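Start counting the sequence shown at -18; every next residue gets the next number (the numbering used here).
We put the beta carbon where it would ideally sit given N, CA and C, even for glycine.
Note that the coordinates shown come from a computational prediction; the quantities given were computed from them, not determined experimentally.
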Amino acid sequence: MASGLPNKEKVRIRQLYAEVKWTAWPYWSQKAASYHAPGTCTFYGTANTNQMVVEFMGCSCQALLLFIPDSPLRDA
């Protein structure tokens, strides 16, 4: 799965930012561009953060998480 920017370009941008040759705005706009290719995750967080958001929205049934997806117990 490809990201929006090649890895070499990401490294170059991070180094420019670390050397204070770039301001925060171009850095963050380039960082955002690296996630917006088809098939890449656009949520800026960890898997735990994603799980918390799903739970807070009430979209997660905790009992279903204990069974594998193809299990007949999950359909019960």
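Count the other CB atoms within 10 Å of the CB of residue i; is the residue buried (16 or more) or exposed (fewer)?
i	result
V32	The amino acid at residue 32 is misidentified as Val; the sequence shows Gln. Label assigned to Q32: exposed.
M(-18)	Note that M(-18) scores a pLDDT of 45, beneath 50, so its modelled location is shaky; the value from the coordinates is reported in the next line. Under this definition M(-18) is an exposed residue.
Which of the three DSSP states is assigned to residue i in this structure?
i	result
P(-13)	coil
V59	This structure does not reach residue 59, given that the chain is present from -18 up to 57, and the question cannot be answered.
V1	coil
S58	A query on residue 58 cannot be resolved here, the shown segment of the chain reaching from -18 to 57 and no further.
M(-18)	Confidence is the limiting factor: at M(-18) the pLDDT is only 45, short of 50, which leaves the residue's position unreliable and the question unanswerable from this model.
Check whether the Cβ atoms of residue i and residue j lie closer than 8 Å to each other.
i	j	result
A14	L(-14)	yes
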